[in-house]
Every structure is written in structure tokens, then in C-alpha cells.
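Asker: To start, I am sharing the structure in question, which I have written as C-alpha cells.
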Amino acid sequence: MELEPAPARTRIQIKNCAKTYADGTLGLEATTLEVEPGEVLALLGPSGCGKTTLLRIIAGLETPDEGSRILFGETDVTALPVEQRGIGMVFQHYALFPQMSVAANIGYGLKIRGAADAERARVVGDLVDLVRLNGLEHKRPAELSGGQRQRVALARAVAVRPKVLLLDEPLTALDAKLKESLRDELAEMLRRLHITAVYVTHDQQEALAIADRLAVMHAGRIVQVGNGEALYRAPSHPFVATFLGRVNRIERNDKQCADNTLLMGSLVFRCPAAWSNQKALLVRPEDIEVGSYTTGWGHAVVTHRSFLGDRVQLTLNAGNQVPLRADVGRDHAARLGDTVGIRIQPEHLMPSHEST
Amino acid sequence: MRSNPKTPALLIGVTWIVSVFMLAPIGLSVLAGLVNNYSVGIKSGLTLRWLLEVLDVYGSTVTWSLLLGLLCVVGNLVIGVPCAYALARSQSRAARLFEELLTLPVAVPGLATALALILTYGHMRDFRQSFAFILVGHMVFTLPFMVRTVSSAFQRNDLIAMEEAARTLGASFTQRFLGVLVPAVLPAIVAGSLMVFTLSVGEFNLTWMLHTPLTRTLPVGLADSYASMRIEIGSAYTLVFLLVILPVLWGLQAIGKLIEKHHGT
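Protein sequence lines correspond, in order, to chains A and B.
Every number in our numbering is 51 more than the matching position in the first sequence, counting from 1.
Every number in our numbering is 1 more than the matching position in the second sequence, counting from 1.
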């Protein structure tokens with residue numbers, strides 16, 4: 052089923068939005084961000100990074116500091132209370148109305164807007180189909196599973212055709228297995244709804260699976276914005292590199308720094324010119340190639356080997372470096388105690404401090 | 002829990018003694034209201050004439066007590082529930098202070114509260130001589146019970162999120178308060194109402210100070226009958242209390258349970 056798209060998709064513009072709490076702590080540094088019409092943008096970061104604060108500011112549930120501006124399309128909504136912003140919001144713990152049936156929960160926003168009963172029944176019916184809750188319309192939230200509840204919450208939020216859909220860690224309260232299946236389902240539903248959406252999460256997998264673009268947040272500010280693949284492959288900030296995946300940190304001494312080279316297991320690698328001022332470089336475990344030790348490869352010894360099902364994780368001692376973590380295929384020949392050759396494609400190296 | 006087939010005889014004996022000790026006064030009191038002459042005992046024969054006399058002399062106190070209890074509940078719903086919400090959402094120190102102040106009449110002897118009310122409003126003759134004066138006293142005494150119960154329900158995190166959800170969907174304050182929040186805390190409101198009704202119906206010490214000969218509640222009438230009537234009439238009065246008030250309380254409790262069950266949280 053395809054829902055008719057909202058009249059015009061809305062661009063969200065966040066201009067210079069900051070939040071200082073009453074006790075003086077800065078929850079969010081002045082932030083400027085644009086969400087394209089119809090796009091799903093994830094605000095990704097650890098707890099306390101300001102992502103929920105930013106979401107609540109967009110929603111109108113928090114008041115930003117003086118000078119902050121928020122625009123939905125051409126409309127400046129900074130001064131509008133949450134009730135009049137025309138948003139839909141999905142909460143971490145569902146926040147369903149316990150005394151109302153599934154249908155009444157979904158239809159609540161329409162009822163508030165005074166929609167005719169027939170119209171309400173039609174929209175609720177369509178949404179029940181969309182979120183696959185057929186047959187459960189008359190159940191109470193308490194009678195539903197966590198996944199079903201969150202689907203009711205999503206349907207309730209989009210029933211009023213919001214200009215902007217805001218999701219605050221909607222999958223966090225679910226168990227791992229359910230989370231994964233609902234994640235894919237949610238990604239698909241958001242595509243079908245065509246509503247500009249901001250999705251807050253601390254789970255990078257979730258963000259990569261659901262969002263068109265990611266804004267990675269750290270300590271009250273956005274450190275990098277981009278599509279998931281670009282951020283993963285070419286992070287401009289070490290926090291992005293470490294938060295979006297696992298990394299090895301390889302230190303360089305002054306000479307290596309000056310030469311812009313990297314020493315790995317007795318072999319000297321030349322590094323990309325852009326990283327010449329970096330004291331250390333980062334590399335992902337899956338970007339360390341492990342082969343047999345011949346010319347052109349660095350020397351390393353396997354000190355630990357863990358079979359993880361879909362891959363094998365090796366811990367390598369490459370001489371002067373701290374142990375390196377390398378991920379190889381599950382059928383890789385390297386065994387504990389083996390001497391192996393390692394090398395890294397220079398383009399896989401990432402900076403360890405913010406490049407200017 | 003399964004009962005142990007070998008309960009020691011001593012335990013059974015003690016249980017019986019305690020039960021008889023507790024139940025005997027009730028039985029005797031009820032019986033005293035039904036015999037012709039208490040000093041002669043059951044030999045004097047059983048009668049309903051004391052009961053009828055109580056209904057004749059004190060019948061209105063029963064009605065007034067039930068009505069006062071009901072009005073007290075209504076008053077608590079109108080004043081107490083919004084007050085509970087305000088206190089639950091306010092972060093200010095003044096709100097905490099007010100909450101303490103509200104609880105004072107529970108700790109302070111009812112006589113003192115009543116005296117304060119008489120000193121302040123006693124000169125308003127019509128008010129002083131009406132049941133409204135007693136109603137105010139009962140409200141002062143029962144409000145903290147309603148407010149505390151409902152306020153802690155409003156403070157729950159899921160209620161805060163629920164209110165935010167209703168706001169994002171465009172609900173005005175009145176719409177979300179009456180349509181979402183109050184139904185969500187209904188079990189707490191029902192529990193509070195039952196408590197308020199029970200307290201109001203049984204309240205004596207504050208009411209005793211506030212009443213006039215024309216505004217008497219059941220407990221005040223009871224005290225009056227004990228003090229000035231035959232012991233048979235006082236006992237019959239107790240019987241009336243048991244016959245009228247207890248079924249009402251049980252009925253209300255059953256309704257409360259039903260609402261809670263239907264509410265299904």
C-alpha cells in the first residue's frame with residue numbers, strides 16, 4: 052500500500068541552535084544543520100552528546116537559547132509551541148495512551164483536529180495495514196508486544212500527516228533480535244511515507260540501516276554530517292572513525308611524522324600526503340590485510356585468534372606497535388602463533404585528530 | 002498457600018481466643034440494640050423499636066453523612082486532581098512547601114483545625130450554620146490523601162512522556178488533561194476517592210467541633226446518642242451504621258476494583 056504523500060515535503064533548517072540548561076551546563080553548542088525534504092537524517096552519538104536535546108528543540112519540547120532559529124520549509128517555527136508545529140513524534144518507551152485501543156491511539160491526533168469519524172476510520176484503517184497490525188485494532192497497548200507497540204506509536208505519529216517526523220531512539224526498548232527485524236521494517240516504512248524525518252539513536256548499525264544521512268554528535272556538537280558509507284570510509288574526525296566502527300591506533304615518531312611514513316612490522320609504508328601532520332593514524336581491523344610474509348609485507352605474529360562465526364578476529368604483534376586487531380574471513384588460514392605478513396592500503400588510513 | 006494439616010492445637014486455640022475477643026464486642030453491641038432491655042438481657046425479648054427510634058431521631062444524619070462523603074469526593078476531584086497535577090509538574094521550592102502545608106491537617110489534631118476554621122469563618126453566620134462548613138472541614142482533612150495519591154501517579158515518567166506525545170499530536174492542555182492524563186491515572190483517582198469517602202464518613206473529631214444541632218453527621222449523632230440516650234438506642238445506632246455504611250463502602254470498593262480491572266494497565 053502506498054500512502055498519498057504529504058502535499059509538499061518539508062525542509063528542516065536548524066540555524067545556530069544552542070541550549071544552555073538552567074544550571075549553566077551547555078547541552079548543545081550552536082548548531083546549524085539542514086535536513087532535505089523527504090530525507091531521513093540520523094542524529095548519532097553516545098548518551099549525553101546532545102542528540103536528544105536537538106531533537107526536542109526541533110519538536111518544540113525544549114526552548115533553545117536566544118538567537119536560535121528553526122524553519123520548517125519557509126515557516127519560522129522557533130516561537131511556535133509543540134502543539135502547533137505539525138510534527139509527529141515516536142518516543143523511546145512508546146508513550147501510548149494505555150486506556151485507549153490501538154485504533155483510538157492511532158486516531159487520537161485526528162480526533163483532536165476534529166476530523167470526521169469516517170475520515171478518521173479510513174486513515175486509521177490504512178495505517179493499520181501499513182504497520183501490519185490487522186486484527187489488533189481493538190486491543191489495548193498493554194496486550195501488545197514491544198514491537199507491536201512501537202508500530203502503533205509510529206502509526207499514531209504519522210496519522211496527522213506531520214510535516215516532520217521525529218523519532219527518539221524508537222528501537223532501544225526492544226530486544227536485539229526484534230530490534231533488527233523492526234529496524235529494516237521501519238526503514239522501509241519511512242521510505243514509503245516520504246516524510247522528512249530525524250532519527251535519534253546511539254546505535255550506528257541502526258543509523259546506517261535507516262538513515263539517508265548521518266550527523267554524528269559528540270559532546271554537544273555535530274562533528275560530521277554525511278552519508279553512512281562516506282562517514283565510515285572517510286571520517287574527518289577521529290570520533291566519527293571510532294564511533295562508527297572499531298579502529299587500531301598506530302602511533303608515529305617524529306621522524307616518521309616528518310617523512311609521512313608508517314612503520315608496521317619492520318616495513319615502512321608511505322602515507323597519503325593529507326595525513327602528514329598526524330601524530331598517529333587509525334585503521335579499521337578489516338582494512339589490515341593478512342597474508343603470507345614475503346617482500347612488500349610487514350612482519351607480524353598471531354598472538355590471539357577468535358572465531359566469531361562470520362569472521363575471525365586476530366590479534367597481531369607487529370614489533371614496535373601495540374597489538375593490532377585484524378578481521379579476516381572465517382576460512383582464513385592464520386592460526387595462533389603463526390608468522391604472517393601484514394599490509395594496509397594507504398587510502399584506508401584515517402587521521403587521529405581533526406584535520407583542518 | 003496450602004494449609005498445614007498438622008496445625009498445632011495451641012495455635013488454633015490462640016486464634017480462637019483472639020477472634021472471640023475481637024468479635025464479641027461487635028456481637029454484643031449489635032445484640033444490645035435488638036433487645037428490649039439490655040440490663041435484663043436476651044430474656045427480655047428481641048425488638049426493632051430501638052432501630053426505628055434511631056431512624057426517626059437520627060435518620061437524617063445517615064443521609065447527610067453519605068451526602069457529605071459524596072460532596073467531599075466531588076470537591077476533591079475538582080480541586081485535588083488539578084492540584085496534584087500542578088504539584089507533580091512544578092519544580093519550585095514553593096510547591097514542595099505547599100505540599101508539606103497540605104499534609105499538616107492530617108498530623109494536627111482535628112480539634113485544632115476546627116478551632117482555626119471557627120475563629121476565621123465563624124462570624125459568617127449562614128456559612129457557619131450550614132453543612133458547607135463541615136464540608137470545608139472534611140475537605141481540609143481529606144485533600145492531602147487525594148493529592149498525594151494522585152500526584153505520585155502524575156509524576157511517573159510514562160505519564161510525562163504520554164503528555165508530551167499528546168502535545169506533539171496537537172492536544173491543548175484541557176484536551177490532554179481530561180482525555181489522556183486523567184484517564185491514565187484513573188486507578189489512583191479511584192483509590193483516592195475511596196479513601197476520601199471513607200475518611201469523610203467516619204470523621205468525628207473535627208466534625209464534632211464544627212457541627213451545630215442542625216448539622217450533625219452520623220458519627221456526631223452516635224456520640225450524642227451514647228451520651229444522652231438509652232444504651233439500647235446507642236447500640237441500635239451502631240447497627241444502623243454497620244447496615245448502611247458498610248454495604249456502601251463495599252459497593253464503592255467493588256466499583257473501584259471494576260474500574261481498575263477495566264483500565265487494564
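Where is the CB? At the ideal position from N, CA and C, for every residue including glycine.
What residues in the stretch 141 to 165 of chain A have a beta carbon less than 7 angstroms from any beta carbon of chain B?
Answerer: Cβ contacts with chain B come from F142, H144, A146, F148, P149, Q150, Y159, G160, I163, R164.
Asker: Please list the partners that A:G139 has in chain B, where partner means a Cβ-to-Cβ separation under 8 angstroms.
Answerer: Going along chain B in sequence order, the residues near A:G139 (Cβ under 8 angstroms) are T169, L170.
Asker: What do you reckon, are the CB atoms on A:E332 and A:M401 nearer than 8 angstroms?
Answerer: Residue identity check: residue 332 of chain A is Leu in the sequence provided, not Glu. It is a contact, given that the beta carbons lie within the stated cut-off.
Asker: What's the gap between the Cα of A:F142 and the Cα of A:T252?
Answerer: One C-alpha to the other measures close to 11 angstroms.
Asker: Taking the beta carbon of A:E280 as the centre, do at least 16 other beta carbons fall within 10 Å, making it buried, or is it exposed?
Answerer: Counting Cβ neighbours within 10 Å, A:E280 comes out exposed, since fewer than 16 surround it.
Asker: So, using beta-carbon positions, are A:R202 and A:V174 closer together than 8 angstroms?
Answerer: For A:R202 and A:V174, no; Cβs fall outside 8 angstroms.
Asker: Quick check: what's the CA-CA separation for B:L136 versus B:L72?
Answerer: Between B:L136 and B:L72, the C-alpha separation is close to 8 angstroms.
Asker: Let me know the secondary structure DSSP gives B:T62 once reduced to three states.
Answerer: In the structure shown, B:T62 sits in a helix (DSSP, three-state: H, G or I).
Asker: Against chain E, with Cβ distances strictly below 8 angstroms, would B:A237 count as a contact?
Answerer: This model lacks chain E altogether, as its protein chains are A and B.
Asker: Are there 16 or more other CB atoms within 10 angstroms of the CB of B:A189, so buried, or fewer, so exposed?
Answerer: Classification of B:A189: buried, given that the 10 Å Cβ count is 16 or more.
Asker: Apply the 10 Å Cβ neighbour rule to B:V221 and answer buried if 16 or more other Cβ atoms are within range, or exposed otherwise.
Answerer: Answer is buried; the Cβ neighbour count reaches 16.
Asker: Check whether the stretch 177 to 193 of chain B and the stretch 118 to 136 of chain B touch, using three or more Cβ-Cβ pairs below 8 angstroms as the test.
Answerer: No contact exists between the stretch 177 to 193 of chain B and the stretch 118 to 136 of chain B.
Asker: Looking at chain B, which residues of the stretch 168 to 197 of chain A have a Cβ within less than 7 angstroms of any of its Cβ atoms?
Answerer: Here the close residues are R191, A193.
Asker: What does A:A110 touch in chain B if you count any residue whose Cβ is under 7 angstroms from its own?
Answerer: Those are T169, listed as they occur along chain B.
Asker: Since B:M163 meets chain A, which of its residues come closer than 7 angstroms, beta carbon to beta carbon?
Answerer: In chain order: A146, F148.
Asker: Within 10 angstroms of the Cβ of B:D225, are there 16 or more other Cβ atoms? Answer buried if so, exposed if not.
Answerer: Buried: at least 16 other Cβ atoms inside 10 Å.
Asker: Comparing alpha-carbon positions, which option in A:I65, A:Y159, A:R321, A:H404 lies nearest A:P115?
Answerer: For A:P115, the nearest C-alpha among the options comes from A:I65.
Asker: Taking one C-beta from the stretch 166 to 186 of chain B and one from the stretch 47 to 56 of chain B each time, how about it: are there three or more such pairs within less than 8 angstroms?
Answerer: Contact between the stretch 166 to 186 of chain B and the stretch 47 to 56 of chain B is absent, because fewer than three Cβ pairs lie under 8 angstroms.
Asker: Helix, strand or coil, according to DSSP, for A:C68 in the structure here?
Answerer: Here A:C68 sits in strand by DSSP.
Asker: To the nearest angstrom, how far is it from the Cα of B:P214 to the Cα of B:V19?
Answerer: Cα to Cα, the separation comes out at about 40 angstroms.
Asker: What residue from B:G60, B:V141, B:S66, B:L29 has the CA that sits closest to B:N1's CA?
Answerer: Past the edges of chain B, shown from 2 to 266, lies residue 1 of chain B, and the structure says nothing about it.
Asker: For the stretch 233 to 244 of chain B against the stretch 33 to 40 of chain B, are there 3 or more C-beta pairs whose distance is under 8 angstroms?
Answerer: In short, these stretches touch, since the Cβ pair count reaches three.
Asker: With which residues is A:N368 paired in a DSSP beta bridge?
Answerer: According to DSSP, A:N368 bridges with A:V352.
Asker: For a contact defined as C-beta to C-beta under 8 angstroms, what are the partners of B:Q156 on chain A?
Answerer: Neighbours of B:Q156 on chain A: none; closest Cβ ~15 angstroms, over 8 angstroms.
Asker: Looking at C-alpha atoms only, which residue of A:E87, A:H144, A:A169, A:Q364 is the closest neighbour of A:L225?
Answerer: Here the closest residue by C-alpha is A:H144.
Asker: Run through the stretch 285 to 323 of chain A for me and flag every whole alpha helix (DSSP H) of 4 or more residues, listed as ranges in chain order.
Answerer: 289 to 295, 305 to 310, all fully within the stretch 285 to 323 of chain A.
Asker: Can you tell me which of A:T104, A:S119, A:G118 puts its alpha carbon nearest to the alpha carbon of A:L112?
Answerer: Closest by alpha carbon: A:T104.
Asker: Tell me which residue opens and which closes the alpha helix (DSSP H) that B:H139 is part of.
Answerer: From DSSP, the alpha helix (DSSP H) with B:H139 extends over 132 to 155.
Asker: Taking beta-carbon pairs under 7 angstroms, can you tell me which members of the stretch 124 to 135 of chain A lie near chain B?
Answerer: Those would be V133, E134, in chain order.
Asker: Does the distance from the CB of A:F148 to the CB of B:V181 come in under 8 angstroms?
Answerer: Cβ distance < 8 angstroms, so A:F148 and B:V181 count as in contact.
Asker: Measure the CB-CB distance between A:L77 and A:G271 and report whether it falls below 8 angstroms.
Answerer: Closer than 8 angstroms, so yes.
Asker: On the three-state DSSP scale, how would you describe B:F99?
Answerer: In the structure shown, B:F99 sits in a helix (DSSP, three-state: H, G or I).
Asker: Which of the three DSSP states is assigned to B:I27 in this structure?
Answerer: Looking at B:I27 - three-state DSSP - the assignment turns out to be helix.
Asker: Quick one: grab the DSSP three-state call for A:L217.
Answerer: Of the three classes helix, strand and coil, the one that applies to A:L217 here is strand, per DSSP.
Asker: What's the gap between the Cα of B:A96 and the Cα of B:A108?
Answerer: Roughly 19 angstroms between the two C-alpha positions.
Asker: When burial is assigned at 16 or more other CB atoms within 10 Å of the CB, is A:I393 buried or exposed?
Answerer: Buried.
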